[in-house]
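Asker: Before I ask anything, here is the structure I am working with.
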Ligand SMILES: Cc1cc2nc3c(=O)[nH]c(=O)nc-3n(C[C@H](O)[C@H](O)[C@H](O)COP(=O)(O)OP(=O)(O)OC[C@H]3O[C@@H](n4cnc5c(N)ncnc54)[C@H](O)[C@@H]3O)c2cc1C
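Dropping the structure here:
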């Protein structure tokens, strides 16, 4: 393993975020010297791994939390529009790589799986119909279908409709162009393009321990080779902390004032995974329902067809677990170590103002296999205990930050933290995460390498890769690009 004297960019972490950032950077400037450092023995082994996330191409087609209803019962679709555009940006990036022959089999990581929302009870059904009406009027979602008809739902998701009668009050909507994504396979592909086509080393078993300011304008990245405990000190003009759940602890060591007040709260995910092929083959859909009142958005229950390990799979969840670790392969001391003088008050404030979340977590942690099966039976009435096994998913670290009024608040999305000059950038948070990685990493590039994106050449290349970048979307452009990515990605 050999190191260069100095890098333009060091990315900490071998997940989907670093992969997107490094590859976009290389496409914009092939001369950029980039190094990726990953602490585990391979890339995509934490949240980006296939089983560690739900693999939903989050594009707001089925997730009801992106369409909140206000006190006057009107529905806002602004967030849905934003998420949908961000996911299309990811699809455009993948399509570009396919069209440039850098990826040859897109269906190894992305597959067409229709996205459905399904609710029970009159109020929820009325809400879903109103969302359908709002969606129908917007060109991004106007292919949506809605039904209260049991027979139609039997066609859409027969497994869920078993043992239901006309007496059950329920409604569903569906958008055809939904996707199932194996972000683990995608991340591996992006890193192998970087290594094989862009001469960018991806070094594993390398744990970054600190990032210190240098005497000149660079940063010194202190990294431990975990195979022999040798410490290396590397120079970089820019550092991106894309360490997933591990980002907060590293950010706290970096001497930039922008990190002050940030804390994190870990929530682990769990799935029930079906082991009976007969059942697996009866479901061909992603079906999202509604989170319970007061429950966090990430708790929305869903029954999903997945494609992992070259096989069709069926998964239900998520269930939340509690572990003080910030990474699946982290330390039990992570949460404790993250509590510092500057974030105690935001952490206490966030805790105090999120008691329903605490209650939800306590209830989830106390769940037995029997309780989880009961939750599943709200979807699949005749689910048998022996057909389903528990699988531990990835670890999410939700952002806690200062709040003028409440002292601290919990944030469910992602946030890019950056030093004033953009030489250090860091991604905190998880959701919607992998689906929107390309858009988020463009934000990192804007902060770290504005000159690249502002140059005539940069703008030209970016328009080719991502036609939606900084573009006001029209119905014509949206439809044209949707068609292009459908063809390139074989969806
Ligand atoms: C239960 C669950 C369900 C989810 N479902 C979805 C979904 O359906 N759709 C979606 O789009 N997103 C989903 N997400 C979110 C998505 O998985 C994440 O946003 C995304 O994978 C994060 O990528 P990352 O590169 O930031 O982090 P990761 O993939 O976690 O990668 C970070 C890497 O950094 C390494 N690292 C950590 N510390 C160091 C260090 N000090 N030095 C070197 N390396 C280090 C880690 O080992 C790891 O490999 C889900 C997440 C969870 C947990």
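In our numbering, the protein residues as written are 5 to 495. Even for Gly, the Cβ is constructed at its ideal location relative to N, Cα and C.
(1) Taking residue 208 as part of the beta strand (DSSP E), name the residues at either end of that continuous run.
(2) Exposed or buried, which one is residue 70 when buried takes at least 16 other CB atoms within 10 Å?
(3) What separation, rounded to the nearest whole angstrom, lies between the Cα atoms of residue 47 and residue 186?
(4) On the DSSP bridge list, what partners appear for residue 324?
(5) Any chance the CB of residue 336 is under 7 Å from a heavy atom of ligand 1?
(6) Can you tell me the Cα-Cα spacing of residue 363 and residue 324, whole angstroms?
(7) Classify residue 435: buried if its beta carbon has 16 or more other beta carbons within 10 angstroms, exposed otherwise.
(8) Taking 7 Å as the cut-off, is the C-beta of residue 455 nearer than that to any heavy atom in ligand 1?
(9) Go to residue 433, then tell me how far its alpha helix (DSSP H) extends in each direction, as first and last residue.
(10) May I have the straight-line CA-CA distance separating residue 437 from residue 418, to the nearest angstrom?
(11) If you follow the alpha helix (DSSP H) that residue 124 is part of, which residue opens it and which one closes it?
(12) For the structure I just gave you, are there three or more beta carbon pairs, one from the segment 235-248 and one from the segment 267-286, closer than 8 Å?
(13) In whole angstroms, what is the alpha-carbon distance linking residue 429 and residue 108?
(14) Quick one: give me the first and last residue of the beta strand (DSSP E) that residue 12 is part of.
(15) Out of curiosity, what's the CA-to-CA distance linking residue 235 and residue 207?
(16) So, with DSSP's three-state summary, where would you put residue 178?
(17) Taking C-alpha atoms, which residue in 65, 17, 380, 27 lies nearest to residue 43?
(18) Taking only three categories from DSSP, how would you classify residue 43?
(19) Mind checking which residues open and close the alpha helix (DSSP H) that includes residue 190?
(20) Within 10 angstroms of the Cβ of residue 80, are there 16 or more other Cβ atoms? Answer buried if so, exposed if not.
(21) For residue 214, list the residues DSSP reports as bridge partners.
(22) Could you give the DSSP three-state label for residue 377: helix, strand or coil?
(23) Please report how far the alpha carbon of residue 373 lies from the alpha carbon of residue 164, in whole angstroms.
(24) Is there contact here, the segment 267-278 with the segment 346-362, by at least three beta-carbon pairs under 8 Å?
(25) Output needed for residue 341: all residues of its chain with C-beta closer than 7 Å, excluding positions within five of it in sequence on either side, in chain order.
(26) State yes or no: is the C-beta of residue 428 nearer than 7 Å to some heavy atom of ligand 1?
(27) Whole-angstrom Cβ separation of residue 25 and residue 445, contact assumed at under 8 Å?
(28) Using the rule of at least 16 other Cβ atoms within 10 Å of the residue's Cβ for burial, across every protein chain shown, is residue 78 buried or exposed?
(29) Can the beta-carbon of residue 23 be found less than 8 Å from the beta-carbon of residue 195?
(30) Leaving out the 5 sequence neighbours to the left and right, which residues in its chain are closer than 7 Å to residue 102 when beta-carbon positions are compared?
(31) Regarding residue 303 and ligand 1, is the C-beta to nearest heavy atom distance less than 7 Å?
(32) Identify every residue that forms a DSSP beta bridge with residue 115.
(33) Determine the burial state of residue 471: buried for a count of at least 16 other Cβ atoms within 10 Å of its Cβ, exposed for fewer.
(34) From the DSSP output, in three-state form, read off residue 424 for me.
(35) Any chance the CB of residue 399 is under 7 Å from a heavy atom of ligand 1?
(36) List in chain order: all unbroken alpha helix (DSSP H) runs of 4+ residues lying wholly within the segment 56-141.
Answerer: In short:
(1) The count along the chain shown starts at 1 and reaches residue 208 at position 204. Element bounds for residue 208: n/a, residue is neither H nor E.
(2) Residue mapping note: residue 70 aligns to position 66 of the chain shown, counting from 1. Counting Cβ neighbours within 10 Å, residue 70 comes out buried, since at least 16 surround it.
(3) As a working note, residue 47 is residue 43 in the chain shown. As a working note, residue 186 is residue 182 in the chain shown. One C-alpha to the other measures close to 14 Å.
(4) Numbered from its first residue, the chain shown carries residue 324 at position 320. Its beta-bridge partners are 273.
(5) In the chain shown, residue 336 corresponds to position 332, counting from 1. Every heavy atom of ligand 1 is 7 Å or more from the Cβ of residue 336, so no.
(6) Stepping through the chain shown from its first residue, residue 363 is reached at position 359. Stepping through the chain shown from its first residue, residue 324 is reached at position 320. Looking at the two C-alpha atoms, the distance is approximately 12 Å.
(7) By one-based count along the chain shown, residue 435 stands at place 431. The residue in question, residue 435, is buried, as its Cβ has 16 or more Cβ neighbours within 10 Å.
(8) Indexing the chain shown from 1 puts residue 455 at position 451. No, Cβ of residue 455 sits at least 7 Å from all heavy atoms of ligand 1.
(9) Numbered from its first residue, the chain shown carries residue 433 at position 429. Not the alpha helix (DSSP H): residue 433 falls in the beta strand (DSSP E), residues 428-433.
(10) As a working mapping, residue 437 is identified with position 433 in the chain shown. As a working mapping, residue 418 is identified with position 414 in the chain shown. Distance between the alpha carbons of residue 437 and residue 418 is about 7 Å.
(11) By one-based count along the chain shown, residue 124 stands at place 120. Here residue 124 belongs to no alpha helix (DSSP H); instead the beta strand (DSSP E) covers 119-124.
(12) no
(13) If you number the chain shown from 1, residue 429 lands on position 425. If you number the chain shown from 1, residue 108 lands on position 104. Approximately 32 Å between the Cα atoms of the pair.
(14) Here residue 12 refers to the residue found at position 8 when the chain shown is read from its first residue. Taken as a continuous stretch (DSSP letters only), the beta strand (DSSP E) holding residue 12 covers 10-16.
(15) On the chain shown, position 231 is the one that residue 235 refers to. On the chain shown, position 203 is the one that residue 207 refers to. Each residue's Cα considered, the two are about 14 Å apart.
(16) Mapped onto the chain shown, residue 178 falls at position 174. Note: residue 178 maps to strand in three-state DSSP.
(17) Stepping through the chain shown from its first residue, residue 43 is reached at position 39. Ranking 65, 17, 380, 27 by Cα distance to residue 43 puts 17 first.
(18) As a first step, residue 43 is located in the chain shown; it is residue number 39 there, counting from the start. Correct three-state label for residue 43: coil.
(19) Reading the chain shown from its first residue, position 186 is the one you call residue 190. Start and end: 187-201.
(20) Numbered from its first residue, the chain shown carries residue 80 at position 76. With fewer than 16 Cβ atoms within 10 Å of its Cβ, residue 80 is classed as exposed.
(21) Along the chain shown, read from residue 1 onward, the residue named residue 214 stands at position 210. Bridge partners of residue 214: 226.
(22) Along the chain shown, one-based indexing puts residue 377 at 373. Helix.
(23) Taking the first residue of the chain shown as position 1, residue 373 is located at position 369. Taking the first residue of the chain shown as position 1, residue 164 is located at position 160. Taking the straight line from one Cα to the other gives about 20 Å.
(24) yes
(25) For the purposes of this step, residue 341 is taken as residue 337 along the chain shown, with counting starting at 1. Answer for residue 341: 253, listed in chain order.
(26) Taking the first residue of the chain shown as 1, we reach residue 428 at position 424. No - ligand 1 has no heavy atom lying nearer than 7 Å to the Cβ of residue 428.
(27) Residue mapping note: residue 25 aligns to position 21 of the chain shown, counting from 1. Residue mapping note: residue 445 aligns to position 441 of the chain shown, counting from 1. Correct: roughly 4 Å between the Cβ atoms.
(28) The residue given as residue 78 occupies position 74 in the chain shown. When all chains shown are included, residue 78 counts as exposed.
(29) Taking the first residue of the chain shown as 1, we reach residue 23 at position 19. Taking the first residue of the chain shown as 1, we reach residue 195 at position 191. In this structure, residue 195 lies closer than 8 Å to residue 23 by Cβ.
(30) Counting from one through the chain shown, the residue named residue 102 turns up at place 98. Within the same chain, residue 102 has close Cβ partners 110, 492, 493.
(31) If you number the chain shown from 1, residue 303 lands on position 299. No, the Cβ of residue 303 stays beyond 7 Å of every heavy atom of ligand 1.
(32) Within the chain shown, numbered from 1, the residue matching residue 115 stands at position 111. Residue 115 pairs with 184.
(33) Position 467 of the chain shown, counting from 1, holds the residue named residue 471. By the 10 Å Cβ count, residue 471 comes out buried.
(34) Indexing the chain shown from 1 puts residue 424 at position 420. If DSSP states are grouped into helix, strand and coil, residue 424 belongs with coil.
(35) Stepping through the chain shown from its first residue, residue 399 is reached at position 395. It does: the Cβ of residue 399 is within 7 Å (strictly closer) of some heavy atom of ligand 1.
(36) 82-103, 126-140
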